[in-house]
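Take a look at the structure below.
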Amino acid sequence: RRRCAGGTLLAGSAICAGRTLGTSRALDALLTLLRHYVPDAEVMLTTPPGSYVRASRRRRIINPRTAKAVDTILEFAEARDLPVWDLYNLAGGARSACANWRTNRLMQRDQVHFTHQGYTIQGNLLGEALLKAFNDYVAN
6 RRRCAGGTLL AGSAICAGRT LGTSRALDAL LTLLRHYVPD AEVMLTTPPG
56 SYVRASRRRR IINPRTAKAV DTILEFAEAR DLPVWDLYNL AGGARSACAN
106 WRTNRLMQRD QVHFTHQGYT IQGNLLGEAL LKAFNDYVAN
């Protein structure tokens, strides 16, 4: 059996894109595989940051699948007592997550992917959240 030191799995992006990971059952299958192949791995879920989809040739709208994906991930994590970092609601949720990223020019022109600075900010936010959680754990 191979052991991994660490890694990242981006299920939230696949859910928002409308691929097959959109159900709790599919997430459960993914978790089962992780537990089977990497039984000592700690699993933390994240929610997607928000994005747009093409409504017409020139017009984009907020991806309507994102809020459903976030709900699915949050419910799945709660039901299985898994930690989750909720970037979507941290960034402003359904009301302003996309607008916050776009207004600050942190999204690329396709309004799906982020600029280098946008991804750096997301990474820094995650790092700060992990560090805060660790410090809270050590203090208690």
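Taking the numbering used here as reference, the numbering of the sequence shown is continuous, increasing by one, and the terminal residue is 145.
Every residue gets a Cβ at the ideal spot worked out from N, C-alpha and C, and that includes glycine.
In this structure, A72 lies away from A31, with their beta-carbon atoms at least 7 Å apart. Residue state for L36 is assigned as helix, using DSSP reduced to three classes. The C-alpha of V58 is placed about 6 Å away from the C-alpha of I66.
A Cβ-Cβ separation of about 5 Å places I78 in contact with T52 under the 8 Å criterion.
In this structure, the straight-line span from the alpha carbon of N129 to that of R62 is close to 34 Å. Minimum Cα-Cα distance from G55 among the listed residues M49, A84 and N94 corresponds to N94.
In this chain, the alpha helix (DSSP H) harbouring V143 covers H121 to A144. L131 sits away from T120, with the two beta carbons spaced by 7 Å or more.
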